[in-house]
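These protein sequence lines are chains A and B, in that order.
First residue of the first sequence: 1, per my numbering; consecutive thereafter.
First residue of the second sequence: 532, per my numbering; consecutive thereafter.
Don't be surprised by glycine CBs; every beta carbon is placed ideally from N, CA and C.
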Amino acid sequence: MREAPLALDTAVEKANILLVDDRADKLLAIETVLEELGQNIVKATSGMEALRLLLRQDFAVILLDVSMPGLDGFETAALIRQRARSENTPIIFVTSINTTDTHVSRGYSLGAVDYIFSPVEPEILRAKVGVFIDLYRKTEQVRYQSELLRREAEERAANLEVRLHSLLNHLDIGVFRATESGSITEANPAFTRLLGFAVPDDVAGMRLEQFLHPGEREGFRLVSGARDIRFVRQDGREVWVQLTLTVNPERNGQVIEGLAEDVTDRKAREHDLKHLNETLERRVFERTEALRISQEHLRRSERLASLGTLAAGIAHEINNPLNAIVITARYALKNPKFDRDKAFETICNEAMRGGEIVRGILRFAKEEKVTKTPTDLNELIKHTRDLAKTYLGSNRLSVELELAENLPPLMLNSTAIEQVLFNLINNAAEASQGETSVVVRTHSGSEVVRVEVRDNGPGIPEDTLPRIFDPFFSTKRSAGGTGLGLSICHGIILEHGGSITVDSQLGQGTVFSIQLPAASVAQGTMKEAAV
Amino acid sequence: MRVLLVDDDKTCNEFLALFLKDEGYEVRSALSAGEALAIAESFAPELVVADWLLKDGIDGAEMAHQLSARDPSLRVIFTTGSPSEQLREQIRGLRVVEVYQKPIEIDALLAQIRGLRAEAA
C-alpha cells in the first residue's frame with residue numbers, strides 16, 4: 001500500500017465531543033471533567049444549536065441534557081436519529097438522579113446508549129465517554145481502511161480497463177461483441193479495419209452475416225467454435241477470416257463474443273503450397289512416366305538391335321539349307337546316275353531344318369501378350385523338375401532342389417518361366433556325357449529373387465561364354481540345336497524385368513543365375529488396378 | 532587346280548565337292564576355319580571357296596587373310612547367307628573373285644572357276 005493508513009491520523013487527530021445543556025454551569029462542569037481525555041469539546045446550549053452543529057461536523061459521542069427549554073433532550077435525540085449521517089452517533093443522556101424508570105426507558109427507546117445521572121461522577125463520566133471515543137476511533141479506522149480498499153480496487157479496475165482497452169486497440173486481431181442474433185454492439189479497431197471501416201462506431205449495429213461471402217451464408221451458424229470463412233469487406237474486397245465465436249449467457253438472453261483474424265495471406269500460402277505440392281507430384285509423375293517411356297524405348301531399341309542380329313542370322317540360317325537343297329537338286333538333275341533317293345532324302349532333311357529354324361524364329365519373335373500372375377516360384381520349379389525327369393529320363397538325370405523358404409509370390413508368366421527352367425535343365429543334361437547332377441536353388445533377397453541352375457558338366461569355354469545368349473549361337477548344331485534356346489530364355493527373363501547371367505569353369509560345371517524382381521507382384525497389382 | 536571348300540554346312544560342302552570333282556578339280560573340304568588352315572598346310576590350295584560366317588570363332592574373311600599371308604597368289608570366292616557392308620570391309624586386300632549369295636547360282640560359280648583354271652593354264 002502506497003498511502004499511509006488513516007489509523008495513524010485518527011490517533012493524532014482529536015475526536016469531537018458534543019455537550020448539549022441549557023445551563024452553562026453544567027456545561028462547564030462536564031467540560032472540566034472531560035478535558036482530561038484531551039479531545040475536542042464542542043458545546044451547545046440548545047437542541048437547535050446541537051442540530052446545527054451536527055450539520056457541520058461529526059461527533060464521536062453526544063452528551064445530551066434531557067430537560068431543556070424548547071427542544072428537550074428526547075426531541076433533540078429523535079431528530080438526530082432521523083438524519084442518516086448521525087443515526088448511529090452514540091448519545092448519552094444526562095439527567096437528574098431522581099428521574100423515574102419510565103424516563104430512562106423512553107431515553108433508551110429514542111436511541112440513547114447510556115444514561116448519566118447528575119451530579120456526575122467524574123470517573124464514571126470519563127470512563128463512559130472514553131469507551132465511545134475508542135469506539136469512534138476504531139470505527140473511523142475501519143471506515144477509512146475500507147474506503148482505502150475501495151479506492152484501491154477502483155484504481156486497479158480503472159488501470160485494468162485502461163490496459164485492456166490499450167490491448168484491444170493495438171491488437172491486430174479483431175475483437176467484437178454481438179447480440180444473440182449477430183448484431184454487432186462493440187468492436188475494436190482491428191475488427192473495424194477488417195470489415196473496411198474507419199472507426200468502431202461505424203460497425204456498431206451492423207449484422208455480422210451481412211459481411212459473409214455469399215458462398216458462406218448457407219450453413220453459417222452463430223454457434224461457439226472456430227472456422228475459416230470468407231468475408232466481403234465494405235470496399236468489396238474478399239478476405240479469409242479465422243472467426244472464433246463464443247456464445248455466453250447474459251442477464252437478458254445471450255451475447256456473442258468473437259475473435260476475427262485476417263488469414264488471407266495464410267490461405268494464399270496454403271493454396272500456393274497445395275499448388276506446389278500438386279505441381280511437384282505432377283512433375284514426379286511426369287518424370288517417372290518419361291523414365292518409363294525411355295526405358296520402354298531402350299528395351300525396344302535393344303530388341304531392334306537384337307532383331308538386326310537376328311535378321312542376319314535368319315538370312316544365314318535359312319539360306320544354308322536352301323543352298324544345300326539347290327546344290328543337291330542341281331547335282332541330281334545334272335547326273336542322272338546319281339542316287340536319287342539320297343538326293344531326295346537330303347533335300348527333305350534340309351527343308352525340315354529350314355522349317356525348324358523358322359519355327360524357332362517365330363517363337364523368338366512372337367510378340368506374345370504376356371500375362372503374368374502371382375506365382376509360387378518354388379512350386380513352378382518342382383513342376384518343371386518332374387517334367388524334365390519325365391522327358392529327359394530320370395535314370396541319367398538327378399535334379400536336386402534347394403529352395404528358399406518364405407519366397408514371396410512373383411508376377412510371372414509361368415509357361416514362359418517354365419520354358420526357361422526346362423531349357424536350362426535340358427542344357428545341363430545335354431552338356432554332361434555321363435550322369436548329370438543338376439542343382440536348382442532359390443534365394444530370396446529384399447529386392448530380387450535369385451534362381452541358380454548348376455550342373456557338374458564339362459563347363460563352357462571362355463571364348464564361347466560372351467556369345468552364349470546370342471541368337472543362332474549353338475555348340476550343338478550337329479545335335480539339332482537351332483541356337484535360339486538361350487536367347488529365347490534371355491528374352492523371357494528381360495520381359496520379366498530380370499536378368500540372366502552365366503558363370504562357368506572348365507571341368508567343374510556351369511551356373512546359370514536368374515534374378516527376378518521381388519517387387520513385381522505389387523507393381524503388377526497396381527498395373528492391373530489401373531487398367 | 533586345287534580347290535579348298537570351307538563351309539560349316541556339311542551338305543553344301545559335300546555336293547559342291549561332287550560338282551567340282553566331276554569337272555576334274557582336286558577338292559578338299561573343311562567344316563571350320565581351323566580345319567581349313569590345317570588342310571592348307573599340306574594341300575596348298577590355289578582357290579578357296581569359303582562361307583563368310585563360320586562358327587568356331589574365326590570367320591571366313593579372317594581365315595582367308597591368314598591363308599593369303601602364306602600364299603599371296605591365292606584366289607578367294609566367298610559365299611554368304613547375308614551379305615553386308617562389313618564383309619566388303621573385311622575382304623579388302625584379298626584377291627577376291629566374287630561374293631555369292633546363298634542359295635548360290637551353281638552354274639555361274641562353276642563357269643567362273645572354269646575361267647580361273649583357263650587363266651592359270
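Min CB distance Ile327 (chain A) to chain B below 7 angstroms: Position 327 of the first sequence, counted from the first residue, corresponds to residue 327 (chain A). Taking Cβ atoms only, chain B reaches closer than 7 angstroms to Ile327 (chain A), which makes this a yes.
Residues in the stretch 624-635 of chain B having any Cβ partner in chain A nearer than 8 angstroms: Gln632, Lys633, Pro634 and Ile635
Contacts that His316 (chain A) makes with chain B (C-beta to C-beta distance below 7 angstroms): One-based indexing of the first sequence puts residue 316 (chain A) at position 316. Neighbours of His316 (chain A) on chain B, chain order: Leu584, Gly612 and Ser613.
Residue from A:Phe469, A:Thr390 and A:Ser504 with nearest C-alpha to Ile460 (chain A): By one-based count along the first sequence, residue 460 (chain A) stands at place 460. The candidate whose alpha carbon is nearest that of Ile460 (chain A) is A:Ser504.
Glu554 (chain B), buried or exposed, once every other Cβ within 10 Å from all chains shown has been counted against 16: Along the second sequence, read from residue 1 onward, the residue named residue 554 (chain B) stands at position 23. Exposed, because fewer than 16 other Cβ atoms sit within 10 Å of the Cβ of Glu554 (chain B).
Straight-line Cα distance separating Ile417 (chain A) from Arg385 (chain A): If you number the first sequence from 1, residue 385 (chain A) lands on position 385. If you number the first sequence from 1, residue 417 (chain A) lands on position 417. Whole-angstrom Cα-Cα distance: 13 angstroms.
Selected residue, minimal CA-CA separation from Pro458 (chain A), among A:Ala428, A:Ile514 and A:Ile314: As a working note, residue 458 (chain A) is residue 458 in the first sequence. Nearest option by C-alpha distance: A:Ala428.
Beta-carbon proximity check, Ile92 (chain A) vs Asp65 (chain A), cutoff 7 angstroms: Translated into the one-based positions of the first sequence, residue 92 (chain A) becomes position 92. Translated into the one-based positions of the first sequence, residue 65 (chain A) becomes position 65. Contact flag unset, no.
Where the stretch 593-606 of chain B meets chain A: residues whose CB sits under 7 angstroms from a CB there: none
7 angstroms Cβ cutoff met for Asp538 (chain B) and Asp582 (chain B): For the purposes of this step, residue 538 (chain B) is identified with residue 7 of the second sequence, where counting begins at 1. For the purposes of this step, residue 582 (chain B) is identified with residue 51 of the second sequence, where counting begins at 1. A contact, by the Cβ cut-off of 7 angstroms.
Partners in chain B for Ala431 (chain A), counting only beta-carbon separations shorter than 9 angstroms: As a working mapping, residue 431 (chain A) is identified with position 431 in the first sequence. Correct list: empty, because the minimum Cβ distance to chain B is about 17 angstroms.
Whole-angstrom C-beta distance between Leu598 (chain B) and Gly591 (chain B), which should lie under 8 angstroms: Counted from its first residue, the second sequence places residue 591 (chain B) at position 60. Counted from its first residue, the second sequence places residue 598 (chain B) at position 67. In fact, because the Cβ distance is near 10 angstroms, the residues do not count as touching under 8 angstroms.
At least 3 beta-carbon pairs within less than 8 angstroms: the stretch 607-614 of chain B vs the stretch 563-583 of chain B: yes
Min CB distance Leu322 (chain A) to chain B below 7 angstroms: Within the first sequence, numbered from 1, the residue matching residue 322 (chain A) stands at position 322. By this cut-off, Leu322 (chain A) is an interface position.
Gln254 (chain A) in three-state terms, based on DSSP: The residue you call residue 254 (chain A) lines up with position 254 of the first sequence. Gln254 (chain A) falls in the strand class under three-state DSSP.
Short CB-CB distance (under 7 angstroms) between Thr346 (chain A) and chain B: For this step, residue 346 (chain A) is matched to residue 346 along the first sequence. Output row for Thr346 (chain A): interface = yes.
Where Phe546 (chain B) falls: helix, strand or coil (DSSP): Counting from 1 along the second sequence, the entry for residue 546 (chain B) is found at position 15. Helix at Phe546 (chain B).
Nearest residue (CA-CA) to Leu605 (chain B), options B:Pro576, B:Pro614, B:Ala561 and B:Arg559: Taking the second sequence and counting its residues from 1, the one referred to as residue 605 (chain B) is at position 74. Of the candidates B:Pro576, B:Pro614, B:Ala561 and B:Arg559, the one whose C-alpha sits nearest the C-alpha of Leu605 (chain B) is B:Pro576.
Cβ distance (whole Å) where Ala564 (chain B) is taken to contact Glu593 (chain B) below 8 angstroms: In the second sequence, counting from the first residue as 1, residue 564 (chain B) sits at position 33. In the second sequence, counting from the first residue as 1, residue 593 (chain B) sits at position 62. With a Cβ gap of about 7 angstroms, Ala564 (chain B) and Glu593 (chain B) count as contacting.
CB contact check: Arg283 (chain A) to chain B, cutoff 7 angstroms: Taking the first residue of the first sequence as 1, we reach residue 283 (chain A) at position 283. For Arg283 (chain A), the answer is no, since every Cβ of chain B falls outside 7 angstroms of its Cβ.
Stretch pair the stretch 42-54 of chain A + the stretch 24-33 of chain A: three plus CB contacts closer than 8 angstroms: yes
Whether Val630 (chain B) touches Leu578 (chain B) by CB criterion (7 angstroms): Translated into the one-based positions of the second sequence, residue 630 (chain B) becomes position 99. Translated into the one-based positions of the second sequence, residue 578 (chain B) becomes position 47. Taking 7 angstroms as the Cβ cut-off, Val630 (chain B) and Leu578 (chain B) do not qualify as a contacting pair.
Below-7 angstroms beta-carbon distance, Asp590 (chain B) vs any chain A residue: To locate residue 590 (chain B), count along the second sequence from 1; it is residue 59. Not one chain A Cβ lies under 7 angstroms of Asp590 (chain B).
Paired residues, beta bridge with Leu578 (chain B) - DSSP: Within the second sequence, residue 578 (chain B) is the residue found at index 47, counting from 1. Looking at the DSSP assignment, Leu578 (chain B) forms a beta bridge with B:Val534 and B:Arg606.
Cβ distance (whole Å) where Asp172 (chain A) is taken to contact Ala190 (chain A) below 8 angstroms: To locate residue 172 (chain A), count along the first sequence from 1; it is residue 172. To locate residue 190 (chain A), count along the first sequence from 1; it is residue 190. The Cβ separation is near 6 angstroms, so the contact holds.
Ser183 (chain A) - partner residues in DSSP beta bridges: Counting from 1 along the first sequence, the entry for residue 183 (chain A) is found at position 183. Partner(s): A:Arg207.
Residues of the stretch 552-568 of chain B whose Cβ lies closer than 8 angstroms to any Cβ of chain A, in chain order: Asp553
Range of the contiguous beta strand (DSSP E) that encloses Ala112 (chain A): The sequence position of residue 112 (chain A) within the first sequence is 112, counting from 1. Note, Ala112 (chain A): beta strand (DSSP E), Ala112 to Ser118.
Sufficient close CB pairs (3 or more, under 8 angstroms) joining the stretch 238-247 of chain A to the stretch 260-270 of chain A: yes
Residues bridged to Ile229 (chain A) [DSSP beta-bridge criterion]: What you label residue 229 (chain A) is simply residue 229 of the first sequence in a count that begins at 1. Looking at the DSSP assignment, Ile229 (chain A) forms a beta bridge with A:Val241.
CB contact below 7 angstroms: Leu549 (chain B) versus chain A: The residue you call residue 549 (chain B) lines up with position 18 of the second sequence. Yes, its Cβ sits closer than 7 angstroms to a Cβ of chain A.
DSSP state of Ser563 (chain B) mapped onto helix, strand, coil: By 1-based counting over the second sequence, the position of residue 563 (chain B) is 32. Ser563 (chain B) falls in the coil class under three-state DSSP.
C-beta neighbour in chain B for Arg330 (chain A), strict 7 angstroms: By one-based count along the first sequence, residue 330 (chain A) stands at place 330. Arg330 (chain A) counts as touching chain B.
Cut-off 8 angstroms between Cβ atoms - residues of its own chain near Gly225 (chain A), not counting five sequence neighbours on either side: As a position in the first sequence, residue 225 (chain A) is number 225, starting the count at 1. The residues are Thr244 and Leu245.
Chain B residues whose Cβ lies nearer than 7 angstroms to that of Glu350 (chain A): Taking the first sequence and counting its residues from 1, the one referred to as residue 350 (chain A) is at position 350. Thr542, listed in chain order.
Backbone CA spacing between Ser437 (chain A) and Asn413 (chain A) [nearest angstrom]: Counted from its first residue, the first sequence places residue 437 (chain A) at position 437. Counted from its first residue, the first sequence places residue 413 (chain A) at position 413. Cα to Cα, the separation comes out at about 27 angstroms.
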